[in-house]
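J.:
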Ligand code: FPP
């Protein structure tokens with residue numbers, strides 16, 4: 291990390307430090323909702339809300355990286371988001387290309403490793419190329435894993451997993467009796483990524499919207515009325531304070 295990066299980081303986030311939490315979730319999943327409403331409130335095009343949203347994301351990535359979160363997954367574009375007007379979809383795709391193109395510069399010194407999950411083959415060619423480039427470039431980093439879910443849907447992910455398993459059975463590589471949770475997890479896009487400990491959804495909506503359906507079986511949920519572009523490290527700190535008080539029993543009983 292360069293000297294300038296170190297100096298600016300010292301002044302950037304006075305909010306809350308790592309030591310202020312008794313436990314830091316290993317994996318935080320985020321549904322960054324409310325970009326459109328943020329823009330509408332200001333009489334601006336929705337694309338401006340998404341742009342502000344991408345800046346909020348950078349702040350949150352750096353904050354999470356600083357406090358030692360290992361995995362941060364963000365629902366950036368769902369398999370259902372294609373229903374939006376073409377102009378909004380195009381603006382989002384352009385923004386994603388831009389975000390990835392500038393990621394290493396903007397997240398400089400954060401040692402962030404970027405991985406994209408979802409049906410990437412359904413994305414514009416330019417975005418696919420940028421994904422491959424940034425994944426390769428940041429693949430050597432061993433800090434926070436930023437998982438960007440693009441053209442992602444929990445149901446299609448499960449269907450794909452079922453098909454992979456069916457093929458293994460058909461080819462005689464797997465016995466039906468041996469199909470278990472581990473087998474299925476290994477066929478999900480998130481294979482190798484721990485389940486989210488905490489899911490944060492902004493903008494006051496309180497639903498899962500086809501996000502990480504299997505993976506969120508025992509995830510703690512935290513909702514805030516804040517619109518995503520207004521979110522920064524202090525809101526994540528608020529979520530972490532709430533998370534500390536949760537009693538996670540995973541179907542068992544309290545100690
Ligand atoms: C939800 O707000 C947000 C999205 C569908 C896109 C998420 C995009 C970002 C956070 C910014 C870009 C991301 C990256 C990775 C660069 P909405 O449009 O549904 O808002 P609304 O519910 O107020 O209409």
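In the working numbering, the protein residues as written are 291 to 545. Even for Gly, the Cβ is constructed at its ideal location relative to N, Cα and C. Fair warning: this is a prediction, and the values are worked out from it, not measured in the lab.
With respect to 7 Å, is the separation between the Cβ of residue 340 and the closest non-hydrogen atom of the ligand FPP below this value?
T.: Within the cutoff, so yes.
J.: Would you report the Cα separation of residue 526 and residue 364, rounded to the nearest angstrom?
T.: So the two alpha carbons sit approximately 14 Å from each other.
J.: Residue 518 and residue 322: beta carbons closer than 8 Å?
T.: yes
J.: Are the Cβ atoms of residue 488 and residue 533 separated by less than 8 Å?
T.: yes
J.: Check whether the Cβ of residue 381 lies closer than 7 Å to any heavy atom of the ligand FPP, and answer yes or no.
T.: no
J.: Could you tell me whether the region 424 to 432 touches the region 441 to 452, where touching means 3 or more Cβ pairs closer than 8 Å?
T.: Of all C-beta pairs linking the region 424 to 432 to the region 441 to 452, fewer than three are shorter than 8 Å, placing the two stretches out of contact.
J.: Could I get the ranges of all uninterrupted alpha helix (DSSP H) runs contained in the region 432 to 466, with 4 residues as the minimum, in chain order?
T.: 444 to 460
J.: Can you determine whether any heavy atom of the ligand FPP sits closer than 7 Å to the C-beta of residue 518, and answer yes or no?
T.: At least one heavy atom of the ligand FPP is nearer than 7 Å to the Cβ of residue 518, so yes.
J.: Could you tell me the alpha carbon to alpha carbon distance between residue 410 and residue 319, rounded to whole angstroms?
T.: 19 Å
J.: At the level of alpha carbons, what is the spacing between residue 482 and residue 452?
T.: Cα to Cα, residue 482 sits roughly 17 Å from residue 452.
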